[in-house]
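Residue numbers (the working numbering): 370 to 791.
To keep things clear, I will list the structure first and then write my remarks on it.
Right under this line is the structure:
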């Protein structure tokens, strides 16, 4: 089958079943000390006036898009004051969806009374306490009453000094609250929080490589790098590509299971890696084999692996105006942009093991070349930084569409990467 037809089959099944106007949102994971998911927070990147945006948020709750985006895990979101007062009761129908509330709500008598009603009827509240002192009933009755409504409390690990962070975490934990460390943006802070009774840790640390004086690659990581190197070798046709993974029955099983799934709705079942390479194209299948290999690294946090897949798909979709070969190279640049974090080694050290094209290497090491701007857009989006500045609403809407497609694709691929033959 021609590359054009295969591309059409692939692109046809990228559109997720989300609301017609994609919600400009980023899902931010909260992980426990074993790096397993506790909950997602959905961060909005406004592309419209608040009333319209809140209407879209509520619509995506009703049509199930929010729970699909969260993969049926617990999820917390923010609503405006108007929506909290007038429409938040619909959340009582969705026990996995909770609300993020702010300390300032204690000064709003009507809002506080409404939150008391929601809490009593089963709505889960997360109080974003930030760096504020823990309120005491004797000195601030309203703030203390608001704290009493919350099941989760988030502290700002970036702004609180270590001694105060420990004191507040232990105090809240002793009161029976589930405490979350927020704004954990480096591994040193993460390790410090791991020693405290936090139920979850949230922040940019997840996407950063840990500093190591002497990088050492484990046998598992070396094996993955050898496979990635073999995939990037030139002049590998469908037969040679099949030979690269012929001794890895599990990887072949995962790849064929993924490409034959209902997601792609192929006209016929593909029975070998060679057939998949002919149908979808060599570079695309090489990318997907690399994706499966990285996703099978069970010693790394699953949400880090998902983030790499999301970056890969977003970069490819943002490169739609480029020639096909460059779009597929953009996928590789996105996927490998977290290779240092995945391998726990510096990026230049890791790339010594893989013969990448110069444009991909330049994007990863110097943030230069045609793929660097794509990576920068994706990184800004996942950090929630498009909410400010001069970004046009139409650009945010486009990024929202690309992001939602990428999360659906990444979740689908990762689900197959976790599978093993019976």
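The beta carbon of each residue, even a glycine, is placed where N, CA and C say it ideally should be.
Which residues does DSSP pair with residue i in a beta bridge?
{"i": "residue 646", "result": "Paired residue(s): none; residue 646 is not in a bridge."}
{"i": "residue 398", "result": "409"}
{"i": "residue 467", "result": "445"}
{"i": "residue 535", "result": "Partner(s): none; residue 535 has no beta bridge."}
{"i": "residue 521", "result": "495, 547"}
Can residue i and residue j be called in contact, C-beta distance under 8 Å?
{"i": "residue 643", "j": "residue 575", "result": "no"}
{"i": "residue 459", "j": "residue 431", "result": "yes"}
{"i": "residue 594", "j": "residue 651", "result": "no"}
{"i": "residue 494", "j": "residue 520", "result": "yes"}
{"i": "residue 487", "j": "residue 452", "result": "no"}
{"i": "residue 567", "j": "residue 543", "result": "no"}
{"i": "residue 492", "j": "residue 581", "result": "no"}
{"i": "residue 547", "j": "residue 518", "result": "no"}
{"i": "residue 704", "j": "residue 680", "result": "yes"}
{"i": "residue 541", "j": "residue 515", "result": "no"}
{"i": "residue 654", "j": "residue 646", "result": "yes"}
{"i": "residue 739", "j": "residue 788", "result": "no"}
For residue i, which residues from the same chain have a beta carbon less than 6 Å from its beta carbon, with the 5 sequence-adjacent residues on both sides left out?
{"i": "residue 785", "result": "623, 626, 627"}
{"i": "residue 393", "result": "414, 416, 765, 769"}
{"i": "residue 778", "result": "682"}
{"i": "residue 387", "result": "Residue confidence for residue 387 is low, a pLDDT of 42 falling below 50, so the modelled location carries little weight; the figure read from the coordinates is stated next. So the qualifying residues of the chain are 434, 773."}
{"i": "residue 674", "result": "664"}
{"i": "residue 755", "result": "414, 749, 765"}
{"i": "residue 724", "result": "601"}
{"i": "residue 384", "result": "Residue confidence for residue 384 is low, a pLDDT of 41 falling below 50, so the modelled location carries little weight; the figure read from the coordinates is stated next. Cβ within range, chain order: n/a, list empty."}
{"i": "residue 599", "result": "613"}
Using a Cβ-Cβ cutoff of less than 7 Å, which residues in the same chain neighbour residue i once the five nearest sequence positions on both sides are dropped?
{"i": "residue 782", "result": "627, 660, 664, 678"}
{"i": "residue 638", "result": "629"}
{"i": "residue 554", "result": "527, 572, 573, 574"}
{"i": "residue 716", "result": "708, 709, 733, 734"}
{"i": "residue 670", "result": "400, 404, 575"}
{"i": "residue 371", "result": "Legend: pLDDT at residue 371 = 42, less than 50; position of this residue unreliable, value from coordinates given subsequently. Result list for residue 371: empty, nothing under 7 Å."}
Report the CB separation of residue i from residue j in whole angstroms; it is logged as a contact under 8 Å.
{"i": "residue 658", "j": "residue 619", "result": "In fact, because the Cβ distance is near 12 Å, the residues do not count as touching under 8 Å."}
{"i": "residue 710", "j": "residue 578", "result": "5 Å"}
{"i": "residue 475", "j": "residue 512", "result": "4 Å"}
{"i": "residue 720", "j": "residue 730", "result": "6 Å"}
Between residue i and the rest of its own chain, which residues show a CB-CB distance below 8 Å, the 5 nearest in sequence each way excluded?
{"i": "residue 444", "result": "396, 408, 409, 410, 411, 435, 436, 438, 465, 466, 467"}
{"i": "residue 479", "result": "454"}
{"i": "residue 315", "result": "The first residue shown for the chain is 370 and the last is 791, placing residue 315 beyond what the model contains."}
{"i": "residue 780", "result": "440, 675"}
Using 7 Å as the cut-off, classify the Cβ of residue i as near or not near the heavy atoms of the ligand FAD, replying yes or no.
{"i": "residue 614", "result": "For the ligand FAD, the structure offers nothing, since it holds no ligand at all."}
- How do the segment 613 to 633 and the segment 698 to 710 stand: do at least 3 beta-carbon pairs fall below 8 Å, yes or no? no
- Query: Does the segment 666 to 682 come close enough to the segment 720 to 736 to have 3 or more Cβ pairs within less than 8 Å?
  - Reply: no
- Can you find at least 3 beta carbon pairs, one from the segment 679 to 690 and one from the segment 561 to 568, that sit closer than 8 Å? With the cut-off at 8 Å, the segment 679 to 690 and the segment 561 to 568 do not touch.
- Task: For the segment 505 to 519 and the segment 527 to 540, state whether three or more C-beta atom pairs, one from each stretch, are separated by less than 8 Å.
- Result: no
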